[in-house]
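Presented below is the structure to which this report refers.
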Amino acid sequence: MNYSHPQLDPSLRRFRAPNPLPQDPPVPPYPDADRMDPYRNVFIGLFDAPFTDEAGAVRKMICYIPSTAKSAWNMVLVFIPGGEDPAEFFEKGNWKEACEKNSMTAFFLPAPDGWKNDDPGFELETGVRALAEMRSNRYFQSNAPAVYCLGFGDGAKPAAVFAVTHCETLAGWGAWGDTELDGKLIEILGGGPSDSVPEIPRSKVHIPSLIIDDNESNTVRYFKAANNVADERLRNDFCRVYRQQPKPGESFLNDHACSEVWHGSCSDAEAFGYTNVISEMVRFLAGYKRWAGYTISDLRRTEVPEDLGMIKTEMVIGGWKRHWWTFEPTDYKLAKKDKYPLVVAIHGFTCSGEFFANNADWHYVGEQRGAIIVYPTATPFTCSPEGPRAPHFTTQQWNCGLEANLTDPAGPDELEYFRILLEETKKKYPIDPERIYVTGHSNGGMMTQYLMRYMPAEFAGFAPVGFMEDRNHDMRPEPDDGIARNIWFTMGEFDLTGMELKEGNANWGTVTKLCEHNGLRYEDGRTYVSGNFVHTVWRDENKVPLVRFTGVKNWPHTYSPEVAFLIYDEFFSRFVRHSDGSLEYLA
Numbered sequence: 109m110n111y112s113h114p115q116l117d118p119s120l121r122r123f124r125a126p127n128p129l130p131q132d133p134p135v136p137p138y139p140d141a142d143r144m145d146p147y148r149n150v151f152i153g154l155f156d157a158p159f160t161d162e163a164g165a166v167r168k169m170i171c172y173i174p175s176t177a178k179s180a181w182n183m184v185l186v187f188i189p190g191g192e193d194p195a196e197f198f199e200k201g202n203w204k205e206a207c208e209k210n211s212m213t214a215f216f217l218p219a220p221d222g223w224k225n226d227d228p229g230f231e232l233e234t235g236v237r238a239l240a241e242m243r244s245n246r247y248f249q250s251n252a253p254a255v256y257c258l259g260f261g262d263g264a265k266p267a268a269v270f271a272v273t274h275c276e277t278l279a280g281w282g283a284w285g286d287t288e289l290d291g292k293l294i295e296i297l298g299g300g301p302s303d304s305v306p307e308i309p310r311s312k313v314h315i316p317s318l319i320i321d322d323n324e325s326n327t328v329r330y331f332k333a334a335n336n337v338a339d340e341r342l343r344n345d346f347c348r349v350y351r352q353q354p355k356p357g358e359s360f361l362n363d364h365a366c367s368e369v370w371h372g373s374c375s376d377a378e379a380f381g382y383t384n385v386i387s388e389m390v391r392f393l394a395g396y397k398r399w400a401g402y403t404i405s406d407l408r409r410t411e412v413p414e415d416l417g418m419i420k421t422e423m424v425i426g427g428w429k430r431h432w433w434t435f436e437p438t439d440y441k442l443a444k445k446d447k448y449p450l451v452v453a454i455h456g457f458t459c460s461g462e463f464f465a466n467n468a469d470w471h472y473v474g475e476q477r478g479a480i481i482v483y484p485t486a487t488p489f490t491c492s493p494e495g496p497r498a499p500h501f502t503t504q505q506w507n508c509g510l511e512a513n514l515t516d517p518a519g520p521d522e523l524e525y526f527r528i529l530l531e532e533t534k535k536k537y538p539i540d541p542e543r544i545y546v547t548g549h550s551n552g553g554m555m556t557q558y559l560m561r562y563m564p565a566e567f568a569g570f571a572p573v574g575f576m577e578d579r580n581h582d583m584r585p586e587p588d589d590g591i592a593r594n595i596w597f598t599m600g601e602f603d604l605t606g607m608e609l610k611e612g613n614a615n616w617g618t619v620t621k622l623c624e625h626n627g628l629r630y631e632d633g634r635t636y637v638s639g640n641f642v643h644t645v646w647r648d649e650n651k652v653p654l655v656r657f658t659g660v661k662n663w664p665h666t667y668s669p670e671v672a673f674l675i676y677d678e679f680f681s682r683f684v685r686h687s688d689g690s691l692e693y694l695a
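Take any residue in the sequence shown, count from 1 to its spot, add 108: that is its number in this note's numbering.
Structure follows, in C-alpha cells:
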C-alpha cells in the first residue's frame, strides 16, 4: 500500500470548486437562448469529457446531460468497474431514465486497466481531476451544493476514499461492491481536519451514504459513526436504513439532522433488480444538498417549490418568457391581517428562484413572520461581445452589469421585469406598499443594488449579500434624487472581496459612496462584534441606521437561513417607506 502520495496528506484541504482543467477539447460554442423557451438546455445527451491523469493517460470520461437538468445542476461522479467501457456501462443500466427523473447529470469515469486500489493516492488524484472537469463549464454551469459520487465493482473503493476525503464537497455518496479499505488508510484520511473547522476531523462530518456490500466493512462502520446514526430496525426493499440522531442542544437553522446510511447486501440488491437499485441510488443522492456555512458545511434535504406550496407565475415580458415563485404564509391563508409585507429574494449567477429557496429558506422567515416571499428567476441569455461579461455560456444571469452600471444589449430589461413582478404581486395579494424589501446573493446582490439605484422608492430596505458594487472601483454615485437608500451589506471572510473595510478596497468604496449619498460621514461608523458577525453601522442625526456592513468570519461566498432571519428581524421589519419616498424607522 502506497501511503506517500501527496493526495493522502491528511491536512490537505479539499476545495468545493477545484480549478478547472485546461479546455482540451475546447468548449463548444453555446447557442443563443430561445426567448420563448429560455430554460431549455442547450446541450442534452451523451458528451465526451476527457482529461489526462497523473500518469499521462487520457481518461475517456463521458457525461450524460438529461433534458430535465436545471440551472445549478445535480452532478454525480461514477467510478465504473475497471476495464468497462463507460458508454456500455451507461447503456446497460437505466441511467438515462434515472437521470431524467432526478435532473441528475452523470459523469462516468473509467479505469481501463482496473482501479489501482493499492495506490489510493493516485486514484484520488484521478477523482480530483475528474471533479475539475465536471466544474469546467464545458457544457453547463455547475454548482457546488449538489455534487455526489458513486462507485461500482472495484470502483467502490476509490469512491469510498473520495467520499472520506471530500466529505464537505459531496452532498451524498454510494457504492455497490467491496468497500473494505486499508485500516491505516481510513484512519489517516478520516482523522484529517475538516475543511471548514480544522479542529473537527473529517470523521465527524455527516454525509448521506448508500452502501451495498455483503460485509459490515470498515467503510460502513466509519460512515455510520460519522453520521451518528442509530439502529431503529428500519429497512426498505433492499437496505437497512440508519437515521442520523440529533445531538443535545443542536441547532437546526442552517444544518439539519437529516442524514441517513443505507446498507444492503449484494444478494438483496440483485433480488430488487439492478435497474431498480440504480434508480434508488440516484434518487437517494438527489434528495440532499450541502450548503457552505461558517462551521461544517450545512446538509439539508432538497425541497422543491411545489412541495412547499409555492405558486409559479409565468408570463412574457419584453419578448422573454419569464417566471417567479411566490410563497404564501399561513397568516395569509387564514386571513389574519389586512396587509402583508413582501420580501423579494433574488438568486445568484447560474442559479434560479427554486435553487435560492433551497439555499436561503426565506419562505421559513415568511411563515414565521407573516410575510409573503417572492423568488424571481433570471432568464438565460448568451453574453454579447458588447456586454460587460465575456461571451462564453448561456445561463441564468441578471442583466445588471458587473458594477450595477452596465447592461448587455443581448439580455432582457430587468427593471421592466421587476416592475411587472411587483405590479402583479400587488394585484393578487394585499401587499403593504410601505413594506416591500429586496435581498439577493452574488449576482442577485448586484441586482439588489441595481434596483436600489433605479427603483429606490419601491422598496423599504435593500440587503445585498456577497457582492459590492464598487468591486472594480468604478462605481458611480447614486442618483441625486433626494431618496434615502437604507442598505445592509453582508460579506464573508472568504467572499469575493472579503470582509475587511479597508481604505481603497471594494467594500470601503461601496460603503463610502452610500454614506455620502445618505449624508453620513464614514468616520462616524460604529463597530460591534456578535459571535462570528462583525457589524459596522452608520446612523444619521436621528440615530437611524441607514448603512450597515457585516463581515462574517470563516464564511465563504454563500447565503444562509440564519442570515435571512437576521436581515428580516434586525433590518427589514424596522423600516417602512411612505408614498412620498421618505423612510420611517420604527425601532
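Glycine included, every Cβ here is placed at the ideal spot set by N, Cα and C.
Counting along the chain, F331 sits inside no beta strand (DSSP E); it lies in the alpha helix (DSSP H) bounded by residues N326 to A334. One Cα belongs to F602, the other to P664, and the distance between them is close to 4 Å. With fewer than 16 other beta carbons inside 10 angstroms of its own, V166 counts as exposed.
Per DSSP, the continuous beta strand (DSSP E) segment holding F187 begins and ends at N182 to F187.
Following the DSSP letters along the chain, one finds F489 inside the beta strand (DSSP E) bounded by residues P488 to T490. By a beta-carbon distance limit of 8 Å, W470 contacts V451. Their separation comes to about 6 Å. Boundaries of the beta strand (DSSP E) harbouring Y396: Y396 to W399, taken from the DSSP string. The C-alpha of L258 lies about 5 Å from the C-alpha of V186. If you draw a straight line from the Cα of D363 to the Cα of S405, it comes to about 8 Å. In this structure, DSSP gives S687 a state outside helix and strand, which the three-state scheme calls coil. Distance check between N466 and each of A672, V684, D648 and A157 places A672 closest, using alpha-carbon atoms only. Taken atom to atom, the span from the alpha-carbon of I294 to that of D156 is near 33 Å. Between A334 and the set C366, K209, D286 and V473, the nearest pair of CA atoms involves C366. Judged by DSSP secondary structure, K429 falls outside any alpha helix (DSSP H) and instead within the beta strand (DSSP E) spanning W428 to F435. Cβ-Cβ distances below 7 Å link A268 to G259, A283, T287, L289 and T327 in the same chain, with the five nearest sequence neighbours on each side left out; the list follows chain order.
A residue is called buried when at least 16 other Cβ atoms come within 10 angstroms of its Cβ; E522 meets this threshold and is buried. CA-to-CA, the gap between K209 and L232 works out to about 30 Å. Less than 9 Å separates the beta-carbon of F198 from that of K204. Secondary structure at M554: helix, using DSSP grouped into helix, strand and coil. In the structure shown, the three-state DSSP call for M389 is helix. Around the beta carbon of M144, a 10 Å sphere encloses fewer than 16 other beta carbons of the protein chains shown; the residue is thus reported as exposed.
The Cβ atoms of Y676 and A479 lie closer than 9 Å to each other. Annotated three-state conformation of C207 is helix, per DSSP. In the structure shown, A214 adopts extended strand secondary structure according to DSSP, grouped into three states. Under the three-state reduction of DSSP, H471 is assigned to helix. If the five residues before and after T502 are omitted, its C-beta is found closer than 6 Å to the C-beta atoms of Y138, A141, V150, P488 and T490, all from its own chain and listed in chain order. Per the DSSP secondary-structure output, E422 pairs in a beta bridge with H431. An exposed status is given to H686, since fewer than 16 other beta-carbon atoms sit within 10 Å of its beta-carbon. Here the C-alpha atom of P587 lies approximately 16 Å from the C-alpha atom of F570.
Annotated three-state conformation of W616 is helix, per DSSP. Contact between the region 187-195 and the region 218-227 is present, with at least three C-beta pairs closer than 8 Å.
An exposed status is given to L694, since fewer than 16 other beta-carbon atoms sit within 10 Å of its beta-carbon. For N626, the closest C-alpha among the options G639, P572, P564 and I315 is that of P564.
Sixteen is the threshold: since fewer than 16 other Cβ atoms of the shown chains lie within 10 Å of the Cβ of A443, the residue is exposed. The region 524-535 and the region 416-432 touch, with no fewer than 3 CB-CB distances between them shorter than 8 Å. Within the same chain, Q353 come within 6 Å of A338 by CB-CB distance, once the 5 residues on both sides are set aside.
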